[in-house]
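J.: The structure that follows is given in the form of structure tokens.
Protein chains: 2
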Amino acid sequence: MSDAVAEINATIELESPALSAALSPLGRRAALPDDILSQSYEARDTTYNGTIGVITDGRGGALPLPSIAEVLGALPEADLNRALLYSKVLGIPEVRDAWRRWQRRNVAESKVSSLPVVTDGLSHGLSLCADLFGGEGRVVAVPAPFWGNYKQTFGTRTGARMVSAPSIRDGRFHCEVIEEALDGAGLQEGEPAVAILHFPSNPGGYSLTANERLQLRASLLRIANQRPLVVVCDDAYAGLVYEEDIPRASLFWDLVGVHNNLIPVKVDGATKEFSFFGGRVGFLTFPFETDSALFAALESKLGSLVRSTVGSPVAATQIILLQALRRSGVAGEVEAVRKTLAERYRVIREALDRVDPELLRPHPFNSGCFALAELPEALGVTSSAVRLHLLEHLDTGVVSIAPRYLRVAYCSVDKEQLPALVENLEAGIRAVVR
Amino acid sequence: MSDAVAEINATIELESPALSAALSPLGRRAALPDDILSQSYEARDTTYNGTIGVITDGRGGALPLPSIAEVLGALPEADLNRALLYSKVLGIPEVRDAWRRWQRRNVAESKVSSLPVVTDGLSHGLSLCADLFGGEGRVVAVPAPFWGNYKQTFGTRTGARMVSAPSIRDGRFHCEVIEEALDGAGLQEGEPAVAILHFPSNPGGYSLTANERLQLRASLLRIANQRPLVVVCDDAYAGLVYEEDIPRASLFWDLVGVHNNLIPVKVDGATKEFSFFGGRVGFLTFPFETDSALFAALESKLGSLVRSTVGSPVAATQIILLQALRRSGVAGEVEAVRKTLAERYRVIREALDRVDPELLRPHPFNSGCFALAELPEALGVTSSAVRLHLLEHLDTGVVSIAPRYLRVAYCSVDKEQLPALVENLEAGIRAVVR
Numbered sequence: 001m002s003d004a005v006a007e008i009n010a011t012i013e014l015e016s017p018a019l020s021a022a023l024s025p026l027g028r029r030a031a032l033p034d035d036i037l038s039q040s041y042e043a044r045d046t047t048y049n050g051t052i053g054v055i056t057d058g059r060g061g062a063l064p065l066p067s068i069a070e071v072l073g074a075l076p077e078a079d080l081n082r083a084l085l086y087s088k089v090l091g092i093p094e095v096r097d098a099w100r101r102w103q104r105r106n107v108a109e110s111k112v113s114s115l116p117v118v119t120d121g122l123s124h125g126l127s128l129c130a131d132l133f134g135g136e137g138r139v140v141a142v143p144a145p146f147w148g149n150y151k152q153t154f155g156t157r158t159g160a161r162m163v164s165a166p167s168i169r170d171g172r173f174h175c176e177v178i179e180e181a182l183d184g185a186g187l188q189e190g191e192p193a194v195a196i197l198h199f200p201s202n203p204g205g206y207s208l209t210a211n212e213r214l215q216l217r218a219s220l221l222r223i224a225n226q227r228p229l230v231v232v233c234d235d236a237y238a239g240l241v242y243e244e245d246i247p248r249a250s251l252f253w254d255l256v257g258v259h260n261n262l263i264p265v266k267v268d269g270a271t272k273e274f275s276f277f278g279g280r281v282g283f284l285t286f287p288f289e290t291d292s293a294l295f296a297a298l299e300s301k302l303g304s305l306v307r308s309t310v311g312s313p314v315a316a317t318q319i320i321l322l323q324a325l326r327r328s329g330v331a332g333e334v335e336a337v338r339k340t341l342a343e344r345y346r347v348i349r350e351a352l353d354r355v356d357p358e359l360l361r362p363h364p365f366n367s368g369c370f371a372l373a374e375l376p377e378a379l380g381v382t383s384s385a386v387r388l389h390l391l392e393h394l395d396t397g398v399v400s401i402a403p404r405y406l407r408v409a410y411c412s413v414d415k416e417q418l419p420a421l422v423e424n425l426e427a428g429i430r431a432v433v434r
Numbered sequence: 001m002s003d004a005v006a007e008i009n010a011t012i013e014l015e016s017p018a019l020s021a022a023l024s025p026l027g028r029r030a031a032l033p034d035d036i037l038s039q040s041y042e043a044r045d046t047t048y049n050g051t052i053g054v055i056t057d058g059r060g061g062a063l064p065l066p067s068i069a070e071v072l073g074a075l076p077e078a079d080l081n082r083a084l085l086y087s088k089v090l091g092i093p094e095v096r097d098a099w100r101r102w103q104r105r106n107v108a109e110s111k112v113s114s115l116p117v118v119t120d121g122l123s124h125g126l127s128l129c130a131d132l133f134g135g136e137g138r139v140v141a142v143p144a145p146f147w148g149n150y151k152q153t154f155g156t157r158t159g160a161r162m163v164s165a166p167s168i169r170d171g172r173f174h175c176e177v178i179e180e181a182l183d184g185a186g187l188q189e190g191e192p193a194v195a196i197l198h199f200p201s202n203p204g205g206y207s208l209t210a211n212e213r214l215q216l217r218a219s220l221l222r223i224a225n226q227r228p229l230v231v232v233c234d235d236a237y238a239g240l241v242y243e244e245d246i247p248r249a250s251l252f253w254d255l256v257g258v259h260n261n262l263i264p265v266k267v268d269g270a271t272k273e274f275s276f277f278g279g280r281v282g283f284l285t286f287p288f289e290t291d292s293a294l295f296a297a298l299e300s301k302l303g304s305l306v307r308s309t310v311g312s313p314v315a316a317t318q319i320i321l322l323q324a325l326r327r328s329g330v331a332g333e334v335e336a337v338r339k340t341l342a343e344r345y346r347v348i349r350e351a352l353d354r355v356d357p358e359l360l361r362p363h364p365f366n367s368g369c370f371a372l373a374e375l376p377e378a379l380g381v382t383s384s385a386v387r388l389h390l391l392e393h394l395d396t397g398v399v400s401i402a403p404r405y406l407r408v409a410y411c412s413v414d415k416e417q418l419p420a421l422v423e424n425l426e427a428g429i430r431a432v433v434r
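So the protein lines, in turn, are chains A and B. Just so you know, our numbering puts the end of the first sequence at 434, numbered straight through with nothing missing. Just so you know, our numbering puts the end of the second sequence at 434, numbered straight through with nothing missing.
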């Protein structure tokens, strides 16, 4: 281990023993080397600057193919250059600043958060969390059912051990779900753990009530009294909440600064929040001051991991997102998308309310992109059989999640079609049961 | 290990025992699960399609924020939708097809290559190679000096063991460099190994002569007689060759199909080749038929790794690249960039030829973005000392590579400035030596 890495690790150990304990072996090894990036940075103001391995016009501007520049012709010249050239490894500073302002709308000044680090979409943010905090044998708790990619990202890739417990019990969210999942994991005393929490959830489409938030936080604090706990707050569907009494703010803000052993990490981005799926702009935010030694150490680790997985994040789509973030009316544009989805939500809610509960029991849902429903065990059919019947006979596609869940992504279905889709669902189940 | 993974591994073992032996533990574990992606695919033609977790207009089109759609307003509507929505995990099919045609310009029909897999830039392609073929203790041979990110990507991230040997000996490329690096590595009989080859090189700016290519290939074949050898052909600077007698085609094509144990993998993309640094569109290409069982197995593994590192590759910049690839005149646009760099190359060549060889000895260079020069050992100075002196006293930035190399990125310097930059370099060395 080089001196630079040892120094960074010592800083983390000093500033946050819990974070230090939670680092994976790769997380401990990672640090940006003092190499071409830092040498280029030091030479940034020289007249004769031969440090940067980028093809430019010789004066710092891009030298694009006309056919590529034309597509981005709506951009102001300075932005066009930034879209075409490399982003800094942690992201374009103006984009990081603008996203931080966006994230902190209506958030109290007292809540500490770092400048976000740009990632190539939210999965990349999750994957960086897995690199930092996963690793062989690390216990990662997730409420069930959960998005399958968590298992790939943490389990398959890093060797972490996924543990789970049901998120819905007797038709309500189970606020001790992480405690229950960890209880069965056989953790040693003080052994660090990771939790992934996702509100609005996938596949559940559920966001917590104010009271459930308090209960969940209390449960996480009980864990933090025993061990370092990294809580990855997957805010992919942030803001897409359709009931008035459900808080819209990220759970991250409820967990910032409440316990030394409790380390929330916010994973968010433009994918769903700005309806820019193809842009792959995500962000990772930590509950630390941007100008702290601790965050500088984390930036070095993240810079090293970003560099060795994707080189640098996509500049072009960061700059496209920036055009939106600069607009005073952007919150209204985001709200318009939410309203469109809210209409679909009302329609599918009503349709599902009419379904015979002996055939299908919707889980509580109030937000996000999905409705999740469970086939009663007494029916004796699998969700897979229902899915295949719907595909083959009823011109209808839904996702089956073993053993008895069906997920409807109403976010991509016209509201006029949703009643028929739910009717088909019911008819399909009847047919398979028979 | 699931049945699906076992089946995929069995296919690889049957079709290419060498590739199978070269897989890392993660490479063996990886496979796309039969989950939401495959269920969405099966439902793609249904009228009532509630499988896809993407916010759409309800009829498969994007539902973008106006401020984001406007930036991409130059795109035809169908392309705009594709730019805003998710790419398939292995890339947008039309982009993969178009890049394959671009890669295979002037390549004989008999040379087998797969459809390329899209990555988020070339570093991501390298990182996927590291995931597939790296891992704890795996020996990875690279000619020295080499780009530092290889070490981060293969060594720091996966625990691979980097070995090296000097690429230039007595002022000429050393064609047995990989053999020499592996000879000292203490490999077991038949133990697989990885080599990374980079032409035009970074930091060397060197491409092989036709004769050197034959010698290098012969050397790699001697290794392949002993063990499976994955040769990662890093073609970042493909085509940027400035001397008439130097072949421009990728080394990959020289290695396709020459030995069962020799597995070339082509890493290339738009970053430098299309001067689209901020786009992060890269490709991974294998020496197998696209419709073979072997390539299908690899696609499953790569799909799983792409999904768990970045979710899916950036769609927006794939579509921007596609606009260029569709143009009949794009080769001319690419050639125009090459010519601009070729002019800078001539200028810095001449300037370096005038430098006192007692002070600085340029390595052979003929291509790419860089000129690399070595400080004679007899001077008793480090490249780091020279770099700092240039920064502090001569308004000049170059990159220092330990112990005695200086790299000039002439690709980003106006040709009018290059003679002064080289004069400053010489003056700086003189000052430090004194």
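Even glycine gets a Cβ: it sits at the ideal position worked out from N, Cα and C. Treat the numbers as computed from the prediction; the structure is a model and nothing was measured.
Which complete alpha helix (DSSP H) runs does the segment 14 to 64 of chain A hold, if anything under 4 residues is left out?
T.: 17 to 22, 25 to 29, 36 to 42
J.: Between which two residues does the alpha helix (DSSP H) containing Ala509/B stretch?
T.: Lying before the first or after the last residue shown, residue 509/B is absent from chain B, which here runs from 1 to 434.
J.: The alpha helix (DSSP H) spanning Leu322/B covers which residue range?
T.: 315 to 326
J.: Any C-beta of chain B sitting closer than 7 Å to the C-beta of Val399/A?
T.: yes
J.: So, does the CB of Ile36/B fall closer than 7 Å to a CB anywhere in chain A?
T.: yes
J.: Cα separation between Ala490/B and Gly53/A?
T.: Look at the range of chain B in this structure, 1 to 434, and you will see that residue 490/B is not part of it.
J.: Comparing C-alpha positions only, which one of Arg387/A, Gly73/A, Leu187/A, Ala296/A sits nearest to Ala10/A?
T.: Ala296/A
J.: Along the segment 273 to 301 of chain B, where does the CB come closer than 8 Å to a CB of chain A? Name the residues.
T.: Phe274, Ser275, Phe276, Phe277, Gly278, Gly279, Arg280
J.: Quick one: measure Cβ to Cβ for Gly303/A and Gly282/A, integer angstroms, because I've assumed they're closer than 8 Å.
T.: With a Cβ gap of about 16 Å, Gly303/A and Gly282/A do not count as contacting.
J.: Give the straight-line distance between the Cα atoms of Thr309/A and Trp102/B, rounded to the nearest whole angstrom.
T.: The C-alpha of Thr309/A lies about 25 Å from the C-alpha of Trp102/B.
J.: When you compare the CB of Gln103/B with every CB in chain A, is at least one pair closer than 7 Å?
T.: no
J.: With a cut-off of 8 Å on the beta carbons, I'd call Ile246/B and Ser367/B a contact; round off their distance for me.
T.: The C-beta separation of Ile246/B from Ser367/B comes to about 7 Å, placing the pair in contact by the 8 Å criterion.
J.: Please say whether Leu65/B and Ser275/A have beta carbons closer to each other than 7 Å?
T.: yes
J.: Would you kindly work out how many angstroms separate the C-alpha atoms of Tyr206/B and Trp99/B, rounded to a whole number?
T.: 25 Å
J.: Assign Ser201/B to one of two classes, buried (16 or more other C-beta atoms within 10 Å of its C-beta) or exposed (fewer than that).
T.: buried
J.: Roughly how many angstroms separate the alpha carbons of Glu220/A and Arg213/A, rounded to a whole number?
T.: Inspection of the sequence shows that residue 220/A is occupied by Leu rather than by Glu. For Leu220/A and Arg213/A, the distance between alpha carbons rounds to 10 Å.
J.: Quick one: what does DSSP say Ile246/A is sitting in, helix, strand or coil?
T.: coil
J.: If I follow the unbroken alpha helix (DSSP H) through Ile178/A, where does it start and stop?
T.: 177 to 183
J.: Based on Cα-Cα distance, which residue from Leu126/A, Leu255/A, Leu262/A, Gly27/A lies nearest to Gln226/A?
T.: Leu262/A
J.: In chain B, which residues lie with their C-beta within 8 Å of the C-beta of Tyr48/A?
T.: Leu394, Asp395, Thr396, Gly397, Val413, Gln417, Ala420, Leu421, Asn424
J.: To the nearest angstrom, how far is it from the Cα of Leu187/B to the Cα of Arg28/A?
T.: 28 Å
J.: What residues from chain A crowd round Thr482/B, counting only those whose CB sits closer than 8 Å?
T.: An answer regarding residue 482/B cannot be provided, because it is not within the stretch 1 to 434 covered by chain B.
J.: Do Val140/A and Phe154/A count as a contact pair if the criterion is CB distance below 7 Å?
T.: yes
J.: Residue range of the alpha helix (DSSP H) that Cys369/B falls in?
T.: It is not in any alpha helix (DSSP H) - Cys369/B carries neither H nor E in the DSSP assignment.
J.: Starting from Thr153/B, find everything on chain A with Cβ-Cβ shorter than 9 Å and list it in chain order.
T.: Result: Arg307, Ser308, Thr309.
J.: Return the first residue and the last residue of the beta strand (DSSP E) that Ile196/B is part of.
T.: Ile196/B -> beta strand (DSSP E) spans 193 to 198.
J.: Could you give the DSSP three-state label for Tyr410/B: helix, strand or coil?
T.: helix
J.: Could you tell me whether any Cβ in chain A is nearer than 7 Å to the Cβ of His437/B?
T.: No information on residue 437/B is available, as it lies outside the stretch 1 to 434 that chain B covers here.
J.: Nearest to Gly239/B by CA position, among Leu26/B, Glu191/B, Arg217/B, Thr271/B, is which residue?
T.: Thr271/B
J.: Using a Cβ-Cβ distance under 7 Å, would Val408/A count as near chain B?
T.: yes
J.: Taking contact to mean at least 3 C-beta pairs separated by less than 8 Å, is the segment 323 to 332 of chain A in contact with the segment 172 to 189 of chain B?
T.: no
J.: Quick check: is the beta carbon of Thr382/A nearer than 7 Å to any beta carbon in chain B?
T.: no
J.: Is DSSP giving Pro93/B helix, strand or coil here?
T.: helix
J.: Going by DSSP, what residues sit across from Glu374/A in a beta bridge?
T.: Looking at the DSSP assignment, Glu374/A forms a beta bridge with Arg361/A, Tyr405/A.
J.: Residues of chain A with CB under 8 Å from Gly53/B, in chain order?
T.: Asn202, Cys369, Phe370, Ala409, Cys411, Ser412
J.: Tell me which same chain residues have a C-beta within less than 6 Å of the C-beta of Lys111/A, skipping the five on either side of it?
T.: Once the five neighbours on either side are set aside, the close Cβ partners of Lys111/A are Trp253, Val256.
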